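The structure appears below as structure tokens.
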Amino acid sequence: MNKRCFFPPISLVIPVYNEEKRIRKSLAEILPYLNHTLPDYEIIFVDDGSTDQTLPILEQYQNEHFQIIKNDRNYGKGYSVKQGMLKARFTVVLFSDADFSTPIEDLEKLLPYLKEYDIVIGSRGMKESQVSVHQPFYKEWLGKLGNKFIQLLIVPGIKDTQCGFKMFKKETLIIFRKQTIERWGFDFEILMLAKRMGFKIKEVPVKWRNDFRSKVRFFDYLKTLGELLKIKWNILTNKYDLKNHGR
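Quick note: to get our numbering, add 11 to the position in the sequence shown (first position is 1).
Following this line, the structure appears as structure tokens:
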């Protein structure tokens, strides 16, 4: 029996910034799968002020499943994901990094858990995770150290907040209206908001391969630490105003 019978329509949000060297490869990987597997889908590309040929390439592929949002300048990944998530039409919404370090097929690992959970996130940090190409040692070390601080300060119990493969029921997207972080730290901010608003989160091991063209640099880790401290301060000063959002 065709897989289409078992899957819901899905909104896929993909932030892009200067992706001309890899966006064609990503589209070649995901479009056949989506067309064959899902009864319906939309892909929301959010271009974060690209200065290369990313937009013209996307426009070559554009069809009834595509929506392209254009930021007037480079705001950051968090800002772009927020814009896309708030435009999603379908009841299941997935956001993924443009390089698909986690293959699109792994959405099949996440979907079953939406019966019991509200948000299901891909993880590189579990025993069953399959990391085929690792990051450079210093990035892995900084990532693991950063996760210790993230768990200590705002999101206990989640081994990998930063994997760019996360699935949401549409009713959870109200968390993005509360989001304040526009760059790399948005992942742990939205997970913190989800927990505090009573949504159930499941972490699931996925496949992952590092792309050495990653745009994350050493200085970004320092800025992300600053974002973590900002989030903690926002919690302490009740900036998020979550008292009326319990479930």
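Just so it is clear, CB atoms sit at the ideal spot from N, CA and C, and this is done for glycine as well.
Please read these numbers as outputs of a predicted model, since none were measured by experiment.
8 Å Cβ cutoff met for residue i and residue j
i, j, result
"Leu125", "Val92", "no"
"Val24", "Ala99", "yes"
"Trp240", "Arg207", "Reading off the sequence, residue 240 comes out as Leu, not Trp. Not closer than 8 Å, so no."
"Ile41", "Phe111", "yes"
"Gly175", "Tyr232", "no"
"Ile21", "Leu105", "yes"
"Arg84", "Trp219", "no"
"Ile186", "Gly89", "no"
"Leu97", "Leu236", "no"
"Arg194", "Lys138", "no"
Buried or exposed (CB count within 10 angstroms, at least 16 for buried), residue i
i, result
"Asp2", "It is not possible to answer for residue 2, since the shown part of the chain is limited to 12 through 258."
"Pro26", "buried"
"Met12", "Low confidence applies here, because Met12 scores a pLDDT of 46, under 50, leaving its location unreliable and the question unanswered by this model."
"Ala205", "buried"
"Phe17", "exposed"
"Gln173", "buried"
"Lys6", "In the structure as shown, the chain begins at 12 and stops at 258. Residue 6 is therefore absent and cannot be evaluated."
"Glu182", "exposed"
"Leu38", "buried"
"Gly168", "exposed"
"Lys36", "exposed"
"Leu49", "buried"
"Glu53", "buried"
"Glu127", "exposed"
"Thr65", "buried"
"Glu30", "buried"
"Lys189", "buried"
"Lys155", "exposed"
Residues near residue i by beta carbon distance below 8 Å, same chain, minus five either side
i, result
"Gln94", "Val57, Ile80, Asn82"
"Gln78", "Glu53, Ile54, Ile55, Phe56, Lys98"
"Phe101", "Pro19, Pro20, Ile21, Ser22, Asp51, Tyr52, Glu53, Lys181"
Contacts around residue i, its chain only, beta-carbon distance under 7 Å, and the 5 residues preceding and following it disregarded
i, result
"Tyr44", "Ile115, Glu116"
"Val166", "Thr172, Phe199, Leu202, Met203, Lys206"
"Leu153", "Tyr232"
"Phe179", "Val104, Ile130"
Residues of its chain near residue i, where Cβ-Cβ distance is below 6 Å and the 5 sequence neighbours each way are ignored
i, result
"Glu75", "none"
"Asp171", "Ser134, Arg135, Gly136"
"Glu238", "Ile192, Gly196"
"Gly60", "Asn82, Arg84, Asn85"
"Tyr28", "Asp59, Ser61"
Cβ-heavy atom distance, residue i to the ligand NAP, below 7 Å
i, result
"Thr102", "With respect to the ligand NAP, the structure offers nothing, as it holds no ligand at all."
Contact between the region 160-169 and the region 69-88 (3+ Cβ pairs under 8 Å): With the cut-off at 8 Å, the region 160-169 and the region 69-88 do not touch.
Within the region 190-246, ranges of the beta strand (DSSP E) (whole runs, at least 3 residues): The beta strand (DSSP E) runs of length 3 or more contained entirely in the region 190-246 are, from start to end of the chain, 212-216, 218-220.
Stretch pair the region 197-216 + the region 128-142: three plus CB contacts closer than 8 Å: Judged by Cβ distances under 8 Å, the region 197-216 makes contact with the region 128-142, as three or more pairs qualify.
Segments assigned beta strand (DSSP E), at least 3 residues, entirely inside the region 104-140: Counting only runs of 3 or more, we get 130-134.
Runs of alpha helix (DSSP H) lying entirely within the region 149-195, each at least 4 residues, in chain order: Runs of the alpha helix (DSSP H) spanning 4 or more residues and lying entirely within the region 149-195 occur at 186-189, in chain order.
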